[in-house]
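Right, one structure below, let's go through it.
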Amino acid sequence: MRLSPLNQRRWRNFKANRRAYWSLWLFAALFGLSLFAEVLANDKPIVVSYRGALHFPIYKFYPETAFGGDFRTEAIYRDPEVQCLIKTGGIVDCFDDPEGVIEDAADGEFAGEPVQAGWLLWPPVPYSYNTINNVGTAPSPPDADHWLGTDDTTRDVLARIIYGFRLSILFALIVSVGASVLGIIAGAVQGYFGGRTDLIFQRIIEIWGGTPSLYIIIILFAILGRSFWLLVVVSILFGWPALVGVVRAEFLRARNFEYVRAARALGVPDRVIMFRHILPNAMVATVTLLPFIVTGAIGGLASLDFLGFGLPSSAPSLGELSLQAKQNLQAPWLGFTAFFTFAIMLSLLVFIFEGVRDAFDPRKTFQ
193 MRLSPLNQRR WRNFKANRRA YWSLWLFAAL FGLSLFAEVL ANDKPIVVSY RGALHFPIYK
253 FYPETAFGGD FRTEAIYRDP EVQCLIKTGG IVDCFDDPEG VIEDAADGEF AGEPVQAGWL
313 LWPPVPYSYN TINNVGTAPS PPDADHWLGT DDTTRDVLAR IIYGFRLSIL FALIVSVGAS
373 VLGIIAGAVQ GYFGGRTDLI FQRIIEIWGG TPSLYIIIIL FAILGRSFWL LVVVSILFGW
433 PALVGVVRAE FLRARNFEYV RAARALGVPD RVIMFRHILP NAMVATVTLL PFIVTGAIGG
493 LASLDFLGFG LPSSAPSLGE LSLQAKQNLQ APWLGFTAFF TFAIMLSLLV FIFEGVRDAF
553 DPRKTFQ
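Residue numbers (this note's numbering): 193 to 559.
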């Protein structure tokens, strides 16, 4: 798809900001990898070969009976007995001495019968964000098995970082888009029509802005329970006024420009004038606030999780990791991990939006 001359100029302006350009690629790589978190960190194998057939446990449910076991519940692939069943083709004696059976069947035979060996392909991090590990102490320091250690419930920190990074970014993007759409529409209507419409909207925003959002979240969660989408909706409802003031001011300034008055005289509909002619000129000021909205959404989610009013306790939360760092000062790796995760994530986003602001600024032209 070929870009228009205007978008080509914006892309050149963005690329001229080298810090923003490389931050975009680095952030895209990290976020792209996190989208495949189930493949990178999981307590289920990516592929299982059993009696010549391939199975994909991370995408499909397989009971233990599918591998020669006794239970119809999902197979626990980290269990040595289940691994023995898979590797030896379903020998029942696995339940007596799984490691010994695997060693005895390594030559392709067991008790005089041929063995059709199977195998398991594990993710790079063989733990999910909620996998409980049988380690000696909790939290445990980083080692060859847990690269960033474990938290106070023996869950792998690196796995929780991968899932938590994806969750935080998706939450911030959804909230930012939703709040921006509502805020731009409200600000555009206020600024373009002015008068009584502007006055009524301003009083509504003043009342809504004075509402204690934290109390509302606590009350709603107490009634409806904690959930990701409920938190998204509440965050959007309390986040949209952030853009109203800037958009309103730009529309108030531009509505009396000559080209706007000419469009009105020609009978162009108000919605076309607002969003095709005035809004592009207001985008610079709007984009300037976007990094604050995105980083504020991430910080708000982390703060709520830190206070215990955010996502469910079972969710992979970076804020909950920060809380564990506070409660376990004897485990400094938790604090360092939480700090560097937030620092890198927020810095990259700020650098990217700095370049986006330059790209939309018509006064800046880079060669």
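Ideal placement from N, C-alpha and C gives every residue a C-beta, glycine not left out.
Asked                                                                                                                                                                    : Found
For residue 418, which residues from the same chain have a beta carbon less than 6 Å from its beta carbon, with the 5 sequence-adjacent residues on both sides left out? : 504
On the DSSP letters alone, give me the boundaries of the beta strand (DSSP E) that residue 217 sits inside.                                                              : Residue 217 -> not in any beta strand (DSSP E); alpha helix (DSSP H) instead, spanning 210-226.
If you count every other CB in all the chains shown that lies within 10 Å of the CB of residue 303, and 16 or more means buried, which is it?                            : For residue 303, the pLDDT reaches just 49, beneath the cut-off of 50, and the residue's location in the model is therefore unreliable, leaving the point undetermined.
Determine the direct distance from the alpha carbon of residue 391 to that of residue 437, and round the result to whole angstroms.                                      : 13 Å
Taking a contact to mean a Cβ-Cβ separation below 8 Å, would you say residue 334 touches residue 217 in this structure?                                                  : no
Counting along the chain, where does the alpha helix (DSSP H) carrying residue 400 start and finish?                                                                     : 387-401
With distances taken between CB atoms, is the gap from residue 320 to residue 351 smaller than 8 Å?                                                                      : yes
Which runs of the beta strand (DSSP E) spanning at least 3 residues fall entirely within the stretch 217-280, listed in chain order?                                     : 239-242, 245-247
Less than 8 Å between the beta carbons of residue 215 and residue 543, yes or no?                                                                                        : yes
Relative to the alpha-carbon of residue 229, which residue among 359, 195, 279 has its alpha-carbon at the smallest distance?                                            : 359
Taking the alpha helix (DSSP H) that residue 515 belongs to, which residues open and close that run?                                                                     : 510-519
According to DSSP, which residues form a beta bridge with residue 348?                                                                                                   : 342
Run through DSSP, which three-state label would residue 317 get?                                                                                                         : strand
CB-CB under 6 Å to residue 209, same chain, minus the five flanking residues each way: which ones, in chain order?                                                       : 547, 550
Using CA atoms only, rank isn't needed, just tell me which of 343, 339, 337, 324 is closest to residue 331.                                                              : 343
Of all the options 529, 444, 281, which has the alpha carbon lying nearest to the alpha carbon of residue 258?                                                           : 281
For residue 443 versus residue 355, is the C-beta distance shorter than 8 Å?                                                                                             : no
Looking at chain D, is there any beta carbon in it that lies within less than 8 Å of the beta carbon of residue 390?                                                     : Among the chains in the structure shown there is no chain D, since it carries only a single protein chain.
Check whether the stretch 234-242 touches the stretch 264-280, counting contact only when three or more Cβ pairs, one atom from each stretch, lie closer than 8 Å.       : yes
Which of the three DSSP states is assigned to residue 458 in this structure?                                                                                             : coil
Can you tell me where the alpha helix (DSSP H) holding residue 473 begins and where it ends?                                                                             : 471-499
With hydrogens ignored, establish whether the beta-carbon of residue 508 is closer than 7 Å to any heavy atom of the ligand FAD.                                         : The ligand content of the structure shown is nil, which means the ligand FAD is not present either.
Under three-state DSSP, which class holds residue 203?                                                                                                                   : helix
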